[in-house]
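Numbering (our numbering), first residue to last: 4 to 230.
In this text, a Cβ means the ideal position worked out from N, Cα and C, and glycines have one as well.
Computed from a prediction, not measured in an experiment: that's the story for all the values here.
First comes the structure, then the notes that go with it.
Here is the structure:
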C-alpha cells in the first residue's frame with residue numbers, strides 16, 4: 004500500500020515536472036524537481052527497514068547528492084557555477100552507484116564480452132567528447148572527468164551480478180547515461196535546443212534513477228546478504 008502511494012506521487016510529480024520543462028514554466032520546475040529524489044528516498048527507507056544500515060547508506064547517499072545536484076542545476080542558466088556544482092554532485096552520485104555495483108561484481112561475463120563492452124563504452128565516451136569538445140572551453144577538465152566516472156559506473160553495471168534484478172539495474176544505468184549525454188549535447192553542442200530536449204532529459208533521468216533504485220531494493224530485500 005505504501006509503495007503504491009509513493010508510485011502515485013512519483014508519477015504525478017514527474018509528469019508535472021516534465022510538463023513544466025516542456026512549457027518552460029520555471030516556477031513549476033522549481034516547485035517539482037526537488038521533490039523527485041526525496042520521493043525515491045522515502046521509497047528506499049520504507050522498503051529497506053530490515054536491512055542493515057550500512058547496506059543502504061550508499062544508496063541513500065547517491066540520492067541525497069542527486070537531490071542537491073537537481074536543485075543546483077535549476078539555477079545553472081543564471082550562473083555557470085551552479086552547473087559545475089551540480090555536475091560535481093552527480094559525479095559523487097555515480098561514485099556511490101559504482102561502489103554498490105563493484106560490491107556485487109562477479110565473473111558472470113567472458114573476457115571477450117568484457118573487452119567488447121569496454122570498447123563500446125570507451126568509443127562512446129570519446130565520440131561524445133569529440134562532438135562537444137569545441138564548445139567546452141573552461142569546462143573541459145570537469146566534463147572529461149565526469150564522463151570517465153559515468154563510463155565507469157556503466158561498465159560496473161554490466162559486470163555486477165544482481166541476479167534477476169541485473170537487467171533492470173543495467174537498463175537504469177544505460178538510461179542514466181543517455182540522460183547525461185543529452186545534457187552535454189544540450190549545453191555544449193546544440194545552437195538552438197529542440198523543445199523536447201529538456202523533457203526527454205528528465206524522462207530518461209527519472210526512469211534511470213527509478214530502475215537503479217528499484218532494482219537494488221528488490222535485490223537487497225530478496226538476498227539479505229549485502230555486506
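8 angstroms Cβ cutoff met for residue i and residue j
| i | j | result |
| --- | --- | --- |
| residue 201 | residue 179 | no |
| residue 216 | residue 62 | yes |
| residue 66 | residue 135 | no |
| residue 107 | residue 165 | yes |
| residue 132 | residue 149 | no |
| residue 95 | residue 68 | yes |
| residue 186 | residue 174 | no |
| residue 59 | residue 47 | yes |
| residue 168 | residue 221 | yes |
| residue 162 | residue 125 | no |
| residue 191 | residue 153 | no |
| residue 31 | residue 18 | no |
| residue 194 | residue 25 | no |
Close-in-space but distant-in-sequence residues of the same chain around residue i (CB under 6 angstroms, 5 per side omitted)
| i | result |
| --- | --- |
| residue 156 | 97, 100, 101 |
| residue 224 | none |
| residue 76 | 89 |
| residue 85 | 75, 78, 79 |
| residue 207 | 178, 181, 182 |
| residue 158 | 124 |
| residue 64 | 99 |
Coarse secondary structure for residue i, derived from DSSP in three states
| i | result |
| --- | --- |
| residue 109 | coil |
| residue 86 | helix |
| residue 59 | helix |
| residue 91 | helix |
| residue 54 | coil |
| residue 230 | In this prediction, residue 230 scores a pLDDT of 46, lower than 50, which makes its location untrustworthy; the coordinate-derived value is nonetheless stated afterwards. Three-state result, residue 230: coil. |
| residue 104 | helix |
| residue 1 | The structure shown does not extend to residue 1, since the chain is modelled only from 4 through 230, so no value can be given for it. |
| residue 129 | helix |
| residue 73 | helix |
| residue 154 | helix |
| residue 68 | helix |
Close-in-space but distant-in-sequence residues of the same chain around residue i (CB under 8 angstroms, 5 per side omitted)
| i | result |
| --- | --- |
| residue 16 | 35, 38, 39, 42 |
Span of the alpha helix (DSSP H) around residue i
| i | result |
| --- | --- |
| residue 136 | Premise fails: residue 136 is in no alpha helix (DSSP H) and is neither H nor E. |
| residue 221 | 200 to 226 |
| residue 29 | 29 to 50 |
| residue 15 | 5 to 26 |
| residue 141 | Counting along the chain, residue 141 falls outside any alpha helix (DSSP H), and DSSP gives it neither H nor E. |
| residue 163 | Counting along the chain, residue 163 falls outside any alpha helix (DSSP H), and DSSP gives it neither H nor E. |
| residue 190 | 169 to 191 |
Close-in-space but distant-in-sequence residues of the same chain around residue i (CB under 7 angstroms, 5 per side omitted)
| i | result |
| --- | --- |
| residue 230 | Residue confidence is low: residue 230 scores 46 on pLDDT, short of 50, so the model does not pin down where it sits. No coordinate-derived value is stated. |
| residue 87 | 145 |
| residue 210 | 178 |
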